[in-house]
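Each residue of the sequence shown is one higher than the last, beginning at 1 in full-length UniProt numbering.
Notes follow the structure.
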Amino acid sequence: MKQRREKKNVVFGIIAVIVGVMLLASMPMATAKLYGDANGDGVIDEDDMTYVLQIIAGVEEENELADANQDGEIDARDATYIKNIILGNAPHPGKTLRIAIGAEPDDLNPLTMYSHSQSDLPKFFNGLVKFDENLDLAPDLAESWDVSAGGKEYTFHLRQDVKWHDGEEFTADDVKYTYDLIRSGEITAMIPMAIEYEDIEEVEIVDDYTVEFTLSEGIVPFRERFAVAILPKHLLEDEDLTETDFWQNPVGTGPYEFKEWAKGDKLVMVANPNYFAGAPVISELTFVFVPEETARVSLLKGGEVDITKIDARTKKTLTGESGIEIYTMPAANWYGLTLPTKTVPFTDKKVRQAIAYAINKQLILDTIFYGEGEVAYGPFRNSSWVYNQDIEYNYDPDKARQLLAQAGYNDTDGDGIVEKDGKKLEFPLIYPVANIERRDIAIAVKTDLAAVGINAELEGLSWSEIKARLHDDPYTVSWGSPYDPDVLNYKLWHSKFLYQGWYNPACYDNPAVDALLDEGRTTLDTEKRKRIYGEFQERLVDDQPIAFFVFSDYVYAVNDQLAGIIPRPGPHGAGVRGGMTGELWWNVEDWDIEQ
Numbered sequence: 001m002k003q004r005r006e007k008k009n010v011v012f013g014i015i016a017v018i019v020g021v022m023l024l025a026s027m028p029m030a031t032a033k034l035y036g037d038a039n040g041d042g043v044i045d046e047d048d049m050t051y052v053l054q055i056i057a058g059v060e061e062e063n064e065l066a067d068a069n070q071d072g073e074i075d076a077r078d079a080t081y082i083k084n085i086i087l088g089n090a091p092h093p094g095k096t097l098r099i100a101i102g103a104e105p106d107d108l109n110p111l112t113m114y115s116h117s118q119s120d121l122p123k124f125f126n127g128l129v130k131f132d133e134n135l136d137l138a139p140d141l142a143e144s145w146d147v148s149a150g151g152k153e154y155t156f157h158l159r160q161d162v163k164w165h166d167g168e169e170f171t172a173d174d175v176k177y178t179y180d181l182i183r184s185g186e187i188t189a190m191i192p193m194a195i196e197y198e199d200i201e202e203v204e205i206v207d208d209y210t211v212e213f214t215l216s217e218g219i220v221p222f223r224e225r226f227a228v229a230i231l232p233k234h235l236l237e238d239e240d241l242t243e244t245d246f247w248q249n250p251v252g253t254g255p256y257e258f259k260e261w262a263k264g265d266k267l268v269m270v271a272n273p274n275y276f277a278g279a280p281v282i283s284e285l286t287f288v289f290v291p292e293e294t295a296r297v298s299l300l301k302g303g304e305v306d307i308t309k310i311d312a313r314t315k316k317t318l319t320g321e322s323g324i325e326i327y328t329m330p331a332a333n334w335y336g337l338t339l340p341t342k343t344v345p346f347t348d349k350k351v352r353q354a355i356a357y358a359i360n361k362q363l364i365l366d367t368i369f370y371g372e373g374e375v376a377y378g379p380f381r382n383s384s385w386v387y388n389q390d391i392e393y394n395y396d397p398d399k400a401r402q403l404l405a406q407a408g409y410n411d412t413d414g415d416g417i418v419e420k421d422g423k424k425l426e427f428p429l430i431y432p433v434a435n436i437e438r439r440d441i442a443i444a445v446k447t448d449l450a451a452v453g454i455n456a457e458l459e460g461l462s463w464s465e466i467k468a469r470l471h472d473d474p475y476t477v478s479w480g481s482p483y484d485p486d487v488l489n490y491k492l493w494h495s496k497f498l499y500q501g502w503y504n505p506a507c508y509d510n511p512a513v514d515a516l517l518d519e520g521r522t523t524l525d526t527e528k529r530k531r532i533y534g535e536f537q538e539r540l541v542d543d544q545p546i547a548f549f550v551f552s553d554y555v556y557a558v559n560d561q562l563a564g565i566i567p568r569p570g571p572h573g574a575g576v577r578g579g580m581t582g583e584l585w586w587n588v589e590d591w592d593i594e595q
């Protein structure tokens with residue numbers, strides 16, 4: 001590692017060198033030894049196959065890189081391995097990728113994720129389907145599927161060339177086991193999963209490679225729920241799922257296999273040479289746990305990691321940095337403030353509307369997110385096909401004061417805080433203490449509310465503390481989905497999700513909105529669905545159960561030697577589990593490292 005300070009004396013110089021050597025020794029870089037490059041010309045091609053054969057014949061001298069499969073010997077198997085590398089049937093030895101993330105997960109259970117669409121947790125697993133670069137559904141473990149005319153029956157035809165990482169065959173038994181497990185409620189999570197899949201009436205195995213789902217009604221966007229990770233029945237059916245070590249050492253069907261988890265340090269996975277879609281070129285993928293962003297950026301600059309998600313404010317300092325490329329991805333991730341509709345004073349719609357008018361959204365976007373995103377007026381970005389441009393709630397403190405007065409709140413004692421019937425308009429405003437962005441939003445909201453006579457007392461809490469007070473106190477919330485408009489919004493706004501974990505955090509209960517959400521998910525006609533969700537937005541924004549502030553973009557700093565990166569819109573789920581499901585590396589199995 002390069003030392004960036006002058007050595008004050010010999011002792012400090014020696015210490016710095018030792019620390020640098022130790023750090024480099026523990027952190028292999030992306031441009032590791034290129035095993036298979038037998039002739040040492042920097043590329044792996046047919047010339048290397050010839051060179052290996054010449055070594056075997058005694059024409060050329062042995063060298064380390066000629067041992068392509070790294071078994072300690074140079075023989076005909078290395079020539080075959082090189083051929084498979086060229087054909088894309090074997091991982092590219094020596095190409096390692098290191099991703100620095102801010103937090104370490106508790107386990108590697110894909111079913112306890114925030115979002116079913118992100119359950120390919122670090123590429124160990126596959127779903128029946130997956131999302132492509134345009135967020136359209138594409139085949140994964142299922143090579144094709146049929147949907148009945150009414151949308152109530154789904155028949156999936158499974159690939160017949162898939163094996164689990166332990167060599168066992170993948171079949172329809174695994175699919176049925178997984179969905180029955182989800183529906184049973186046996187898997188507990190921060191977000192309840194069983195309620196998302198309660199519309200499945202039956203999962204039937206037709207044969208080893210065909211499985212049929214029957215739904216209680218034809219739900220248009222239900223197909224997206226088939227992206228959930230499939231688990232191995234043969235390893236889990238006899239296990240106590242609360243005690244098994246499977247979640248610490250998973251076996252999947254995905255492009256990468258579990259290798260090592262050094263708690264507090266890193267998680268290492270290696271390319272699956274038998275992956276049904278072809279072995280990844282990058283042979284080793286490592287997530288390094290580094291809590292501080294400044295430390296992650298320092299490692300990136302030093303070439304010791306290859307990717308890290310960064311704060312928008314850091315983007316400006318890294319733009320133009322040699323060897324680093326910046327990727328900015330539009331995300332459906334919105335920030336806002338819950339206004340619990342069953343708690344006084346938020347039972348009064350005029351108070352909720354006043355709070356929404358009082359917040360300077362553009363200032364939040366510019367000062368906290370450095371302009372990386374857009375102002376939010378509802379749960380959809382303006383690029384969404386269902387976005388209603390007539391719902392914009394702009395910053396208007398005078399309008400806020402007017403609404404408060406209409407609700408009976410006036411500052412009669414001149415202390416700067418409005419009151420009604422002798423009770424001041426003040427309340428706690430809670431935020432996750434470890435989240436800097438939400439803390440800064442809370443500070444901005446407190447300032448804006450004070451300007452219209454509302455006193456918000458800030459409290460930074462742990463997630464468990466927030467959950468205990470979720471339905472009583474306003475908190476700086478963040479959600480969002482770029483998928484079908486039903487996928488998340490049904491759970492956030494429908495009254496059937498009242499008091500269901502983190503869903504419907506504002507305790508919103510509007511029968512007209514319930515009816516629109518029910519109609520939207522069962523209507524096939526696209527234009528009619530657009531009208532339905534347009535009206536849904538009008539009613540939601542008029543009620544203001546959540547005051548929407550901004551959509552934030554995701555920003556990543558990346559080693560510019562990486563090739564194959566395809567940014568796509570990200571959900572709120574990007575960054576959960578410490579960032580392991582960050583959307584930038586959704587197709588990491590197709591990446592390469594340019595030498």
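All C-beta atoms, glycine included, are put in the ideal place defined by N, C-alpha and C.
Contacts around residue i, its chain only, beta-carbon distance under 6 Å, and the 5 residues preceding and following it disregarded
i      : result
Trp247 : Asp107, Leu108 and Asn109
Phe124 : Pro250, Gly252 and Gly254
Asn84  : Ala90
Lys233 : Asp173, Asp174 and Tyr177
Lys152 : Leu215 and Gly218
Tyr409 : Val418, Lys420 and Leu425
Gly185 : Ala194
First and last residue of the uninterrupted alpha helix (DSSP H) at residue i
i      : result
Tyr81  : Ala76 to Leu87
Leu461 : Not the alpha helix (DSSP H): Leu461 falls in the beta strand (DSSP E), residues Asn455 to Leu461.
Leu53  : Glu46 to Ile56
Asn489 : Asp486 to Trp493
Val513 : Pro511 to Thr522
Val351 : Lys349 to Ala358
Glu257 : Run containing Glu257: none in the alpha helix (DSSP H); it sits in the beta strand (DSSP E), Tyr256 to Ala262.
Ser298 : Glu293 to Lys301
Thr314 : Ala312 to Leu318
Lys266 : Careful: Lys266 lies outside any alpha helix (DSSP H), inside the beta strand (DSSP E) at Lys266 to Ala271.
Thr155 : First-last for Thr155: Glu153 to Leu158, but that is the beta strand (DSSP E), not the alpha helix (DSSP H).
Leu235 : Lys233 to Leu236
Thr367 : Lys361 to Ile368
Residue range of the beta strand (DSSP E) that includes residue i
i      : result
Gly534 : Not the beta strand (DSSP E): Gly534 falls in the alpha helix (DSSP H), residues Thr526 to Asp543.
Gly336 : Trp334 to Thr338
Thr210 : Thr210 to Leu215
Cutoff 8 Å; reference residue i; Cβ partners in own chain excluding five residues on either side
i      : result
Ile324 : Leu300, Lys301, Leu318, Ala557, Val558, Asn559 and Asp560
Gly264 : Glu104 and Phe289
Ala451 : Ala358 and Pro397
Length of the line joining the Cα atoms of residue i and residue j
i      : j      : result
Glu321 : Glu46  : 36 Å
Pro273 : Ala358 : 57 Å
Phe156 : Pro397 : 55 Å
His572 : Ala331 : 8 Å
Val206 : Asn587 : 32 Å
Asp542 : His471 : 20 Å
Trp164 : Glu284 : 18 Å
Asp590 : Gly336 : 36 Å
Ile566 : Leu584 : 7 Å
Ile326 : Lys315 : 7 Å
Ile195 : Arg183 : 8 Å
Pro379 : Glu64  : 56 Å
Gln362 : Glu201 : 46 Å
Tyr499 : Leu488 : 16 Å
Ile86  : Asp75  : 18 Å
Residue i Cβ short of 7 Å to the ligand ADP heavy atom set
i      : result
Pro232 : Within the structure as shown, the ligand ADP is missing, as the structure has no ligands at all.
Neighbour flag for residue i against chain C, beta carbons, 8 Å
i      : result
Ala172 : The displayed structure is made up of one protein chain only, and chain C is not part of it.
Cut-off 7 Å between Cβ atoms - residues of its own chain near residue i, not counting five sequence neighbours on either side
i      : result
Asp440 : Ile368
Gln70  : Tyr35 and Pro93
With a floor of 4 residues, list each alpha helix (DSSP H) that falls wholly inside the segment 370-447, ordered by position along the chain. Listed in chain order, they are 397-406.
Can you list the beta strand (DSSP E) stretches of 3 or more residues lying completely in the segment 99-148, in chain order? Annotation note: the segment 99-148 contains the following uninterrupted beta strand (DSSP E) runs of length 3 or greater, listed N- to C-terminal: 129-131, 137-139 and 142-147.
Below 8 Å, can you find three or more Cβ-Cβ pairs linking the segment 505-518 to the segment 331-349? Output reads yes: the segment 331-349 touches the segment 505-518.
Contact between the segment 519-538 and the segment 386-393 is defined here as three or more beta-carbon pairs at a separation below 8 Å; is this criterion met? Counting Cβ pairs under 8 Å, three or more are found: they touch.
Runs of alpha helix (DSSP H) wholly within the segment 176-206 (minimum 4 residues, chain order): With a minimum length of 4 residues, there is no unbroken run of alpha helix (DSSP H) contained wholly in the segment 176-206.
Determine contact between the segment 278-293 and the segment 256-270, defined as no fewer than three beta-carbon pairs at a distance below 8 Å. Yes: the two stretches touch, three or more of their Cβ pairs being nearer than 8 Å.
Does the pairing of the segment 368-378 with the segment 517-533 give three or more beta-carbon distances under 8 Å? Cβ pair count under 8 Å is below three, so no.
Given 8 Å, three or more beta-carbon pairs between the segment 220-231 and the segment 136-147: Taking a cut-off of 8 Å for Cβ pairs, the segment 220-231 and the segment 136-147 touch, as three or more such pairs fall below it.
Counting Cβ pairs closer than 8 Å, one from the segment 346-354 and one from the segment 485-496, do we hit at least three? Under the 8 Å Cβ criterion, the segment 346-354 does not count as touching the segment 485-496, having fewer than three qualifying pairs.
Would the segment 301-310 count as touching the segment 96-103 if we require 3 or more Cβ pairs under 8 Å? A contact is defined here as three or more CB-CB pairs under 8 Å, and the segment 301-310 meets this definition with respect to the segment 96-103.
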